[in-house]
Each structure stands twice: as structure tokens, then as C-alpha cells.
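A short worksheet on the structure shown next.
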Amino acid sequence: MDDSRRAPEGVDPTIPNIARMYDYYLGGKDNFAADREAAEKMLAIGRQMGNDGREVARENRGFLRRAVRHLAESGITQFVDIGAGLPTQENVHQVARRHAPGSRVVYVDNDPVVLTHARALLADNPETIAVAGDLRDPDAVFDDPGVRAHIDFTRPFAVLLVSVLHFVTDDEDADRITARIRERMVPGCHLVLSHIRTNDEVAEEVVVESKQVYAATSSGGLVGRPFKRIESFFDGLEILEPGLVPVQAWRPDVPWDVPVDMDRTGIFGAVGRMP
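Following this line, the structure appears as C-alpha cells:
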């Protein structure tokens with residue numbers, strides 16, 4: 401079917417979208433030709449660096465599942481997933497409710513395609529909702545009437561920023577967003593965050609080529625950040641063990657017998673707790 405006929409009203413299928421590109425990396429089918437073309441460019445760039453982009457996406461998704469499982473087992477029953485992306489297997493609400501029945505989840509995204517699919521998936525699930533919102537305006541997310549009716553912000557909750565902050569290209573804006581989220585937290589709240597980590601060994605032409613691909617998407621860009629910058633997004637929080645590490649090394653399901661390369665380029669993740 402022609403993409404223009406498949407796309408919801410207000411969605412231009414000729415402009416690549418980061419959520420639909422991620423869906424393609426994970427083997428999903430809720431994407432358009434422009435998304436697949438952009439994603440294949442990024443996969444090719446990854447191969448130049450010796451990385452399997454699809455495996456990186458799966459590792460990042462695994463980090464999300466393990467972090468949610470840990471929090472649910474620790475007593476957290478409220479989750480706000482900002483930049484949630486398209487529904488896939490083992491979604492946040494499924495993992496949370498498996499380990500903490502009755503958990504309440506809010507999915508937040510600014511993509512109409514994501515919201516359409518999420519609301520269809522959640523039609524018979526009153527404990528989980530999907531709302532329109534933008535990471536760049538966290539107060540609007542927290543103050544949304546539907547969100548406030550669903551989440552008790554006087555009790556501990558978790559905010560998930562999984563592979564989304566690196567699409568905020570301005571450093572001051574990224575600092576403002578994360579600082580405001582931390583300000584809205586009460587003791588016992590958690591921040592789950594993963595982010596592309598860069599180092600000086602990455603060839604400049606690779607960085608430029610990657611930025612060009614994402615500059616053409618609806619997100620408007622992509623920026624990797626060094627270790628200390630990512631760590632700064634947890635200022636004031638207690639970072640849980642094992643700290644900020646490559647996502648596949650964060651509390652893996654099976655023993656990790658490969659030395660953790662902290663100087664590598666890739667997606668790093670951590671979970672922080674508000675004391």
C-alpha cells in the first residue's frame with residue numbers, strides 16, 4: 401500500500417521518524433520507506449565502525465526491560481516513559497505488571513503513529529495510557545490532566561528517558577530538561593536513562609554522516625556526548641550499581657564474562673535514585 405494512504409492525518413511519510421527507524425532496527429513493520437532508507441544508512445555507518453546497529457537496538461531494549469524489572473521488584477509501581485516509541489515485545493507495562501501487579505504506566509510521545517498504535521494496544525488496559533507530549537517540555541508532561549489522574553506524583557515513580565535525550569542536540573536544553581525532571585521527583589523516584597556515548601577515536605566523517613542522516617528526520621538531529629556529560633544528567637541522584645556502563649553490561653541476565661570497555665563508543669545507560 402502507498403505510504404501516503406497508510407499514514408495518519410498530519411503525518412508526512414516522506415520524512416524519516418526516529419521511532420519508526422527504531423522499529424525497523426528491531427524488526428518491526430510499522431515504518432515507511434523513508435524510515436527504512438534512513439535506517440539502512442545508519443546501519444551501513446555502523447558496519448564501518450564494526451557495529452551491528454540492529455544488535456545495538458536490541459541491547460538497548462534489553463537494558464530497558466532489566467531496569468524496569470529491577471524497579472518493579474524494588475517496589476516502584478509508577479512509570480512515565482517519555483519518548484516511548486512504537487510498541488514492541490516486552491513493553492514497559494508488560495514487564496512492570498509481571499513483577500509488580502497493578503503497576504501504572506504512562507507512555508509519552510509526539511508521533512501520531514506511535515500514539516495510534518499504543519492506544520490500540522492499550523484499549524483494554526486501564527492501568528496504562530498513552531498521551532501526546534514532548535521531551536522538550538517536561539512540565540507539560542507532568543501537568544497533563546490525564547497524566548496527573550493516572551500517576552500519584554507524591555509517591556515514588558520512575559521516569560524513563562531511553563535513547564531519546566541524544567536527539568536533543570543543544571547541550572543547554574538537555575541540561576534544562578533533565579534538571580527539571582529531577583526537580584519534579586520526590587524521594588525514592590528513579591531516572592532510567594540511556595544515551596549515545598562518543599569518544600575522540602570516532603572518525604569525524606562518520607560523526608558528520610550520522611548527523612546528516614538524523615538531521616533529515618522529524619527529530620531534527622542527533623548528538624552523542626562524552627561520558628562525563630551523560631553522567632551529569634544524574635546530578636543529585638544516587639546512581640545504582642554498576643553505574644553508567646554500556647547497556648549490555650547493566651545487570652545482564654547471564655554472567656558477563658567480557659571485560660567492560662568503558663572507552664567504547666555506543667549506548668551507555670544507568671539508573672539513578674532520588675535520595
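In the working numbering, the protein residues as written are 401 to 675.
Note that CB positions come from ideal geometry on N, CA and C, so glycine has one too.
* Asked: DSSP on V568, reduced to helix/strand/coil?
  -> In this structure, V568 counts as coil in the three-state DSSP scheme.
* **Alpha-carbon to alpha-carbon, A419 and R461** => Rounded to whole angstroms, the separation of the alpha carbons of A419 and R461 is 13 angstroms.
* Under 8 angstroms between C-beta atoms, does G485 make it to chain B? -> In summary, chain B is missing from the structure at hand, where a single protein chain is found.
* Ignore the nearest five residues each way along the sequence and tell me which others in S563's own chain have a CB closer than 6 angstroms to its CB. => Excluding sequence neighbours, S563 sits near N460 and S594.
* Asked: Within the chosen definition, does the segment 495-512 reach the segment 527-536 through at least 3 CB pairs nearer than 8 angstroms?
  -> Contact between the segment 495-512 and the segment 527-536 is present, because at least three Cβ pairs lie under 8 angstroms.
* To do: Go to D481, then tell me how far its beta strand (DSSP E) extends in each direction, as first and last residue.
  => Residue range Q478 to I482 is occupied by the beta strand (DSSP E) that includes D481.
* Go to R504, then tell me how far its alpha helix (DSSP H) extends in each direction, as first and last residue. => Where R504 is concerned, there is no enclosing alpha helix (DSSP H), although the beta strand (DSSP E) it sits in stretches over R504 to D509.
* Candidates D423, I476, Q612 and H470: which alpha carbon is nearest P652's? -> Residue H470 is the option with its Cα nearest to P652.
* **Whole-angstrom distance between D430 and A549, CA atom to CA atom** => Just so you know, the alpha carbons of A549 and D430 end up roughly 30 angstroms apart.
* Tell me whether R447 sits in a helix, a strand or coil according to DSSP, three-state version. => DSSP places R447 in the helix class (H, G or I) of the three-state scheme.
* To do: Decide if the segment 617-631 is in contact with the segment 491-499; the criterion is three or more beta carbon pairs, one per stretch, under 8 angstroms apart.
  => Between the segment 617-631 and the segment 491-499 there are fewer than three C-beta pairs closer than 8 angstroms, too few to call the two in contact.
* To do: Can you grab the Cα-Cα spacing for the pair L640 / V513, in whole Å?
  => About 34 angstroms.
* **Beta-carbon separation (whole angstroms), V480 vs F557, contact threshold 8 angstroms** => Yes, V480 and F557 are in contact; Cβ-Cβ is about 6 angstroms, under 8 angstroms.
* Asked: Candidates M442, G428, A518 and F432: which alpha carbon is nearest E609's?
  -> The candidate whose alpha carbon is nearest that of E609 is M442.
* Is C589 near M674, with beta carbons less than 8 angstroms apart? -> Yes, Cβ-Cβ distance for C589 and M674 is below 8 angstroms.
* Pick out whichever of I581, G669 and M421 has its Cα sitting closest to the Cα of F553. => Comparing Cα-Cα distances from F553 to each of I581, G669 and M421, the minimum goes to I581.
* G666 - DSSP class collapsed to helix/strand/coil -> Residue state for G666 is assigned as strand, using DSSP reduced to three classes.
* Asked: Secondary structure at A500, three-state DSSP: helix, strand or coil?
  -> DSSP places A500 in coil when its eight states are reduced to three.
* Per DSSP, the bridge partner or partners of V645 -> V645 is bridged to G669.
* To do: Go to A523, then tell me how far its beta strand (DSSP E) extends in each direction, as first and last residue.
  => Membership of A523 in any beta strand (DSSP E) is not indicated, and neither H nor E is assigned to it by DSSP.
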